[in-house]
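These notes are about the structure you will find just below.
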Amino acid sequence: MSKQIICCNAFILRVINHSETSQIIHFFTDRFGHISAIAKGSRRPKSKFLGYLEQLNEVEIVVYYKEQGLSILTEISLITSHLALFKTFSKSVIINAAVEVYLQLLFSDEEVKKFYLLLKNFLEYLHKVEKNEILILWRFLLRITYYLGFPLHISSCVMCGTRDISILSGVSFLNNGIICQNCEKNIKVNHYNEIYSEKVTYHCSKEALAILSTLKNISEKINNLNMSKQTIREITAIFKIHFSNHLHKDFHLNSLKLFY
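The opening position of the sequence shown corresponds to residue 0 in numbering that gives the first Met the number 0, with each subsequent residue numbered one higher.
Written out as structure tokens, the structure reads:
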């Protein structure tokens, strides 16, 4: 397919002013994944696009689709607005982090639909959260690791299965999961004829490990947790390193620097 008119649902990830009258919109669609399209005349006061081109609006779009270069947005209608989330600063930070994540990822045709639904569910749940929104972002990232095929195992020691928080040590990036002190001692990696174990484990606080180990079911306690800034930095760093290792590039979450 080189050129054709398509209709699909989409989330607006980013809006960039292109000229005095037009904008470039980066969509994440339920059929084609990432699409960048020009909305001609969208900055004019009487534009038919006025009020629709808000970040993370879920919309139905008709575009003149091009596989290479910019597509052309021809029609748009609103499905769901998430504008209310931007009224809370902490939620707006988390939203921008989620957008930042998706802009760094490429998806196969088979993966697009489930990642579309993942983002949809993430945004819908974020409306219900009263505090600790970053926990929902971490759970979102965790699910992405499973969907992309490099799951981060955090419920127990990835090697022996212990859940004893008193002996959990950190996250082993060699083994893609939490590791206990006993198993960590047995890690030996032959790297250019050198034996080392320290560099493959990220040591973090017991608080961080306790939160990680219950992250899959965090909904039950999200409003009762009090986390230190250090714990937030540690868990965020773990996800950044894990993604960077498997994507083979520097994975960033710069949006979080505004608040965390």
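All C-beta atoms in this analysis are idealised placements derived from N, C-alpha and C, irrespective of residue type, glycine included.
Hey, out of the options, whose CA is closest to residue i's CA?
| i | options | result |
| --- | --- | --- |
| I234 | N216, H247, L246 and I177 | I177 |
| A38 | Q3, I237, V61 and T213 | V61 |
| S227 | R30, H247 and N131 | N131 |
| I34 | L173, F106 and E129 | F106 |
| I75 | K86, F48 and A83 | F48 |
| T161 | H126, T73, L72 and L208 | L208 |
| L167 | Y63, Y201 and W137 | Y201 |
| T28 | I93, I94, S21 and L102 | L102 |
| V14 | N95, L84 and Y63 | N95 |
Does the CB of residue i have a neighbour CB from chain B at under 8 Å?
| i | result |
| --- | --- |
| L116 | The question asks about chain B, but that chain is absent: this structure has only one protein chain. |
Have a look at residue i and residue j and give me their C-alpha separation to the nearest angstrom.
| i | j | result |
| --- | --- | --- |
| F88 | K256 | 13 Å |
| C203 | L211 | 11 Å |
| I5 | L140 | 30 Å |
| N16 | S41 | 9 Å |
| L55 | S80 | 7 Å |
| V58 | R30 | 13 Å |
| H152 | A97 | 21 Å |
| L77 | K112 | 19 Å |
| V188 | V199 | Per-residue confidence for V188 stands at a pLDDT of 46, beneath the threshold of 50, marking its modelled position as unreliable; no derived number is given. |
| G169 | T213 | 15 Å |
| V128 | A236 | 23 Å |
| L69 | P44 | 23 Å |
| A9 | L52 | 11 Å |
| H241 | F172 | 7 Å |
| H245 | I217 | 25 Å |
| R138 | F258 | 18 Å |
Using a 10 Å radius around the Cβ and a threshold of 16 neighbouring Cβ atoms, would you call residue i buried or exposed?
| i | result |
| --- | --- |
| T230 | buried |
| H348 | A question about residue 348 goes unanswered here, because the residues of the chain that appear run from 0 up to 259. |
| L82 | exposed |
| S254 | buried |
| I194 | Residue placement at I194 is flagged as unreliable, the pLDDT there being 42, under the threshold of 50; the coordinate-derived value follows with that caveat. Exposed, by the Cβ-count rule. |
| L12 | buried |
| H25 | buried |
| S18 | exposed |
| F250 | buried |
| N116 | For the record, residue 116 in the displayed sequence is Leu; it is not Asn. Its Cβ having fewer than 16 others within 10 Å, L116 is exposed. |
In this structure, what does DSSP give as the bridge partners for residue i?
| i | result |
| --- | --- |
| R13 | H25 |
| N174 | None; N174 has no bridge partner. |
| G148 | Bridge partners of G148: none, in fact. |
| E59 | N8 and S76 |
| I34 | F26 |
| Q3 | Y64 |
| Y260 | Nothing about residue 260 can be read from this structure; the chain reaches only from 0 to 259. |
| S340 | Residue numbering for the chain in the displayed model covers 0 to 259; residue 340 lies beyond these limits and cannot be assessed. |
| C179 | L167 |
Does the distance between the C-beta of residue i and the nearest non-hydrogen atom of the ligand GDP fall short of 7 Å?
| i | result |
| --- | --- |
| I37 | This structure lacks the ligand GDP, and indeed carries no ligand of any kind. |
_Stretch pair the region 152-166 + the region 174-182: three plus CB contacts closer than 8 Å_ = yes
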